[in-house]
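Protein chains in written order, with this note's numbering: chain D, 9 to 122; chain W, 30 to 143.
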């Protein structure tokens with residue numbers, strides 16, 4: 009059974025640019041969540057999608073957005089990149105409400121903003 | 030609202046010694062609790078989860094954790110540390126209906142000395 013796949017693994021972008029990250033969940037999982045991990049702030053919840061609808065959102069500026077497709081694959085986009093956006097971005101998938109089923113994480117995308 | 034406190038950002042043990050990583054949570058409703066492990070430049074791997082069944086939960090790689098409601102704790106233990114256990118460990122809490130929002134502790138980095 010394939011795990012959660014995130015692409016690309018590494019990205020280097022310049023301040024002001026935008027970036028799109030991709031996440032393919034485990035087959036059959038309809039919930040996809042995104043997290044940002046930094047040394048200073050730790051792991052922070054960005055947003056969660058279920059059946060193409062955003063159900064929950066963390067406390068991040070509007071520059072961070074996402075979407076989910078009918079096959080449950082998800083993308084997140086960050087516009088007007090800032091140096092502070094440098095982080096490991098993790099995607100997690102779950103059958104439905106992960107609270108009961110648990111969350112499976114991908115290996116992450118390491119974004120560096122220069 | 031939920032929160033997680035992990036006591037000790039760094040824990041060092043000798044190979045073969047007991048591993049004890051502490052986690053206390055705060056939740057106004059019955060929680061789901063998780064322990065994840067992260068190796069350098071990797072995503073999060075689920076070690077074990079508590080979802081209101083048995084209070085003593087056994088996970089992978091010989092780890093286990095005990096849910097103690099009276100102490101609001103979910104400490105992670107392993108009887109005998111192995112060099113390969115050196116990693117960062119995260120405790121997390123969610124509740125039913127949290128819609129992807131896992132609340133993580135700050136993490137505990139485990140070092141294992143030969």
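Just so you know, even glycine gets a beta-carbon here, dropped at the ideal spot from N, CA and C.
For residue i, the residue or residues it bridges with in DSSP
| i | result |
| --- | --- |
| residue 17(D) | BP columns for residue 17(D) are empty, so no partner. |
| residue 102(D) | 39(D) |
| residue 133(W) | 121(W) |
| residue 121(D) | 21(D) |
| residue 116(W) | 139(W) |
| residue 97(W) | 102(W) |
| residue 79(W) | 62(W) |
| residue 178(W) | Limits of chain W in this structure are 30 at one end and 143 at the other, which puts residue 178(W) out of reach. |
| residue 55(W) | 32(W) |
| residue 7(D) | The question about residue 7(D) has no answer, for chain D in this structure spans 9 to 122. |
| residue 113(D) | 100(D) |
| residue 74(W) | 66(W) |
Residue i - containing beta strand (DSSP E), residue span
| i | result |
| --- | --- |
| residue 67(W) | 60-67 |
| residue 28(D) | 27-32 |
| residue 36(W) | 32-36 |
| residue 85(W) | 85-87 |
| residue 47(W) | Note, residue 47(W): premise wrong, no beta strand (DSSP E); not H, not E. |
Neighbour-count burial assignment, residue i, 16 or more Cβ in a 10 Å radius
| i | result |
| --- | --- |
| residue 18(D) | exposed |
| residue 48(W) | buried |
| residue 24(D) | exposed |
| residue 79(W) | buried |
| residue 112(W) | exposed |
| residue 132(W) | buried |
| residue 91(D) | exposed |
| residue 126(W) | exposed |
| residue 83(W) | exposed |
| residue 130(W) | buried |
| residue 30(W) | exposed |
| residue 49(D) | exposed |
| residue 137(W) | buried |
| residue 26(D) | exposed |
| residue 60(D) | exposed |
| residue 95(D) | buried |
| residue 100(D) | buried |
| residue 58(W) | exposed |
| residue 122(D) | exposed |
Practice task
With a floor of 3 residues, list each beta strand (DSSP E) that falls wholly inside the stretch 46-100 of chain D, ordered by position along the chain.
Solution key: The qualifying runs are 50-58, 61-65, 72-76, 82-86.
Problem - Validate contact between the stretch 25-40 of chain D and the stretch 105-122 of chain D using beta carbons, cut 8 Å, 3 pairs - result: Verdict: yes, contact present.
Handout entry: Segment contact flag, the stretch 39-48 of chain W with the stretch 76-90 of chain W, C-beta cutoff 8 Å, min 3 pairs
Key = Touching, no.
Problem - Cβ pair count under 8 Å reaching 3, the stretch 60-74 of chain W against the stretch 116-124 of chain W - result: With the cut-off at 8 Å, the stretch 60-74 of chain W and the stretch 116-124 of chain W touch.
Exercise for the section: Kindly confirm or deny that the stretch 97-106 of chain D and the stretch 67-76 of chain D touch, where touching means at least three C-beta pairs closer than 8 Å. Expected result: No, they do not touch.
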